[in-house]
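Engineer: Protein chains in written order, with our numbering: chain V, 43 to 321; chain Y, 2 to 311. Where is the CB? At the ideal position from N, CA and C, for every residue including glycine. All values derive from a computational prediction rather than experimental measurement. Here it is, the structure, as structure tokens.
Right under this line is the structure:
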């Protein structure tokens, strides 16, 4: 009797989840379909499968919409920012959790408070600092360096939480063997923390890849170094009625994200569980 | 004999202290790059922004101390106060949508087989990976006036009379923006709630299985009370992300029609970079921080109560 009841309710839950899942992936499937359609085909029936796999829209997006150039910019900005963030935050998190820094707990608390702060509220002075440092004329640094600064607090907190789960005895053993701190870190700790690093990587990549507001401000005075998010919106403005090409541009932005998540999903869930995001 | 032992002890202590000191120095060296970045790009701007809030400055003129004038001007300007109201509206609606959907997803998923869980988790999390601006553009496909998916669907099922200019009417477009924002964030809520539930010890549920409790009783009496701190954290996160909505609005309506869907961050940019009123823009930034903090404190307060250790 009881088992039967449970089965029915699991069935209902599954039904709800399937409905929501269809709703959730529909826009992306729709834009993949649309990206292969001509405009005429699109207006004839927006629901239909594309008649054939035309790549004209992608060519339009890349040649006329400069989506290719924007993609190169976005990739460069992401790779450089993430590399710096990971190197700097691993060092800092290790120091705060496993070396003897006076007031380390207080520093971590301050990081948590800063991390809550909306960066949107400080953009005016941020712009002045970036301009004073002469970064506005550079192609990418006006975006990369602030991104690094903004991502560090959150990343350090997640990594420090992880480091705390590594027994001190393990480190002591390495130190007694005469290994330097850097060596201990690279040889012993980093191999253990694949999932935490992946988690940070996914979060940070999503932020940098999708950031819009600061990128708009940082590229106000120049034409080069524009990332995909701004590119897409410019593009949409130029081709308001060319749905196919807009859809192609959307696919260029989203496919790397799906790929990244498929490859890192396993570590990601693990890392979140281990990182103890408990508030 | 005695003195030799004593010497050894002292030596040991000395060595230990030296080692600790060495660790501190290395630690500070490791900490330096992060400290420099955070100081230059977060802490100094924060302090500077707060200071600038009390001055008038257009970028060229001399900086002039104005006391609380900027705040008074802002809070008596209709366009500014209405942008604050709109941001709060989006924050509340988006948070309800995100928390509701996300927690329901996580609780339902928990009952499914592992393989199914993985597939659904991927699908439900995917919107949260997408840039907000891309989600905005995607949903223009859905809500566009002519040949938008929704209007076409209404037409197709014979409800053409329900066609609306979803992004053209001020109040309606705010609802649309807030719900899409909440839908996008539901993935974050789902994944963090899931990890919180997975972190609960299995033994907690064994008693329930023996006593034949239903899943809903488990949810109500075991799961929800135990993941309260995660829910609490998520609530703050969602309120904050909703309150500072910018990308979604920019992509979907550019703040239009007119300034009808302007949110606080859009107003900051307009004041600063279109009107060169940096002092006022900074003051609005300060207001944004204050309101966000209040929202978070309120959410913590409303969710207060004992937390359980397990």
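For residue 115 (chain V) and residue 284 (chain V), which I take to be in contact (beta-carbon distance under 8 angstroms), what is that distance rounded to the nearest angstrom?
Structural biologist: Rounded, the Cβ-Cβ distance is 22 angstroms, inconsistent with contact.
Engineer: Counting only the same chain and skipping the five closest in sequence on each side, list residues whose C-beta sits under 7 angstroms from that of residue 165 (chain Y).
Structural biologist: Correct list, in chain order: 173.
Engineer: Using 8 angstroms as the threshold, is the C-beta distance between residue 136 (chain V) and residue 84 (chain V) below it?
Structural biologist: For residue 136 (chain V) and residue 84 (chain V), no; Cβs fall outside 8 angstroms.
Engineer: Relative to chain V, which residues along the stretch 232–251 of chain Y have a C-beta separation below 7 angstroms, given in chain order?
Structural biologist: If the cut-off is 7 angstroms between Cβ atoms, the stretch 232–251 of chain Y has 233, 234, 241, 245, 247, 248 and 251 near chain V.
Engineer: According to a CB-to-CB cut-off of less than 7 angstroms, which residues of the stretch 183–211 of chain V neighbour chain Y?
Structural biologist: From the stretch 183–211 of chain V, only 187, 188, 190, 191, 192, 194, 195 and 198 have a Cβ closer than 7 angstroms to chain Y.
Engineer: Just by C-beta distance, which residues in the stretch 96–130 of chain Y are closer than 9 angstroms to chain V?
Structural biologist: Those would be 102, 105, 106, 108, 109, 110, 112, 113, 117, 119, 120, 121, 122, 123, 124, 125, 126, 127, 128, 129 and 130, in chain order.
Engineer: Let's see if you can read the secondary structure: which residues bound the alpha helix (DSSP H) around residue 71 (chain Y)?
Structural biologist: Element bounds for residue 71 (chain Y): 70–76.
Engineer: Quick check on DSSP: helix, strand or coil for residue 55 (chain Y)?
Structural biologist: Note: residue 55 (chain Y) maps to coil in three-state DSSP.
Engineer: Does DSSP put residue 144 (chain Y) in a helix, a strand or coil?
Structural biologist: Here residue 144 (chain Y) sits in helix by DSSP.
Engineer: Just grab the DSSP bridge partners of residue 38 (chain Y) for me.
Structural biologist: In the DSSP output, where bridge partners are listed per residue, residue 38 (chain Y) has none listed.
Engineer: What does the alpha-carbon distance come out to for the pair residue 224 (chain V) and residue 19 (chain Y)?
Structural biologist: If I take the Cα positions, the gap works out to 18 angstroms.
Engineer: For a test of the three-state rule: what should DSSP assign to residue 179 (chain V), helix, strand or coil?
Structural biologist: Coil.
Engineer: Tell me which residues share the same chain as residue 250 (chain V) and place their Cβ nearer than 6 angstroms to its Cβ, disregarding the 5 neighbours each side in the sequence.
Structural biologist: Cβ neighbours of residue 250 (chain V) beyond the five flanking positions: 120, 123 and 189.
Engineer: Output the distance between the C-alpha atoms of residue 173 (chain V) and residue 248 (chain Y), rounded to the nearest integer angstrom.
Structural biologist: One C-alpha to the other measures close to 23 angstroms.
Engineer: With DSSP as the reference, please indicate the residues paired to residue 65 (chain Y) in a beta bridge.
Structural biologist: Answer is Y:57.
Engineer: What's the C-alpha gap between residue 198 (chain Y) and residue 168 (chain Y)?
Structural biologist: Whole-angstrom Cα-Cα distance: 38 angstroms.
Engineer: Which full runs of the alpha helix (DSSP H) of 4+ residues lie inside the stretch 178–259 of chain Y, going along the chain?
Structural biologist: Fully enclosed alpha helix (DSSP H) runs of 4 or longer: 204–212, 216–219, 229–244 and 248–253.
Engineer: Closer than 8 angstroms, CB to CB, is residue 263 (chain Y) near chain V or not?
Structural biologist: Not an interface residue.
Engineer: Locate the alpha helix (DSSP H) running through residue 102 (chain V), then write down its first and last residues.
Structural biologist: Element bounds for residue 102 (chain V): 98–105.
Engineer: Figure out for me which residue from Y:224, Y:279 and Y:104 has the closest Cα to the Cα of residue 235 (chain Y).
Structural biologist: Ranking the options by Cα distance to residue 235 (chain Y), first place goes to Y:104.
Engineer: Got a sec: is the Cβ-Cβ distance from residue 290 (chain V) to anything in chain Y below 8 angstroms?
Structural biologist: No - not a single Cβ of chain Y is within 8 angstroms of the one on residue 290 (chain V).
Engineer: Within a Cβ cutoff of 7 angstroms, which residues of the same chain sit near residue 305 (chain V), ignoring the five residues on either side of it in sequence?
Structural biologist: Cβ neighbours of residue 305 (chain V) beyond the five flanking positions: none.
Engineer: Report the residue from V:74, V:296, V:168 and V:227 whose alpha carbon sits nearest the alpha carbon of residue 129 (chain V).
Structural biologist: It is V:227.
Engineer: Step through the CB atoms of chain Y and report whether any lies within less than 8 angstroms of the CB of residue 63 (chain V).
Structural biologist: Interface residue, yes.
Engineer: Out of V:262, V:259 and V:254, which one is the CA nearest neighbour of residue 272 (chain V)?
Structural biologist: Of the listed residues, the one whose Cα sits closest to residue 272 (chain V) is V:254.
Engineer: Taking all protein chains shown into account, decide if residue 21 (chain Y) is buried (16 or more other Cβ within 10 angstroms of its Cβ) or exposed.
Structural biologist: Exposed, because fewer than 16 other Cβ atoms sit within 10 Å of the Cβ of residue 21 (chain Y).
Engineer: Which residues mark the beginning and the end of the alpha helix (DSSP H) in which residue 246 (chain V) is found?
Structural biologist: Looking at the DSSP string, the run of the alpha helix (DSSP H) that includes residue 246 (chain V) is 236–252.
Engineer: In angstroms, rounded to a whole number, what distance separates the CA positions of residue 319 (chain V) and residue 193 (chain Y)?
Structural biologist: Note that residue 319 (chain V) scores a pLDDT of 44, beneath 50, so its modelled location is shaky; the value from the coordinates is reported in the next line. Taking the straight line from one Cα to the other gives about 8 angstroms.
Engineer: Return the Cβ separation of residue 240 (chain Y) and residue 187 (chain Y) in integer angstroms, given the expectation that the two are a contact with Cβ distance under 8 angstroms.
Structural biologist: Rounded, the Cβ-Cβ distance is 14 angstroms, inconsistent with contact.
Engineer: Assuming contact is defined by CB atoms lying nearer than 8 angstroms, are residue 108 (chain Y) and residue 121 (chain Y) in contact in what I supplied?
Structural biologist: No, they are not a contact pair.
Engineer: Would residue 145 (chain V) count as contacting chain Y if we go by Cβ distances under 8 angstroms?
Structural biologist: Cβ-Cβ to chain Y under 8 angstroms: no for residue 145 (chain V).
Engineer: What first and last residue would you give for the alpha helix (DSSP H) that runs through residue 103 (chain Y)?
Structural biologist: Where residue 103 (chain Y) is concerned, the enclosing alpha helix (DSSP H) stretches over 79–110.
Engineer: Could you tell me which of V:181, V:166 and V:270 sits nearest to residue 273 (chain Y), measuring between CA atoms?
Structural biologist: Minimum Cα distance to residue 273 (chain Y) is reached at V:166.
Engineer: I want to verify the contact list: residues of chain Y whose CB lies under 7 angstroms from the CB of residue 278 (chain V), in sequence order.
Structural biologist: The answer, in chain order, is 138.
Engineer: Indicate the three-state DSSP secondary structure (helix, strand or coil) for residue 320 (chain V) in the structure shown.
Structural biologist: Because the pLDDT of residue 320 (chain V) is 40, which lies under 50, any placement of that residue in the model is unreliable, and the number read from its coordinates should be weighed accordingly. Of the three classes helix, strand and coil, the one that applies to residue 320 (chain V) here is coil, per DSSP.
Engineer: Taking only the alpha-carbon atoms, compute the straight-line gap between residue 129 (chain Y) and residue 209 (chain V) and give it to the nearest angstrom.
Structural biologist: So the two alpha carbons sit approximately 34 angstroms from each other.
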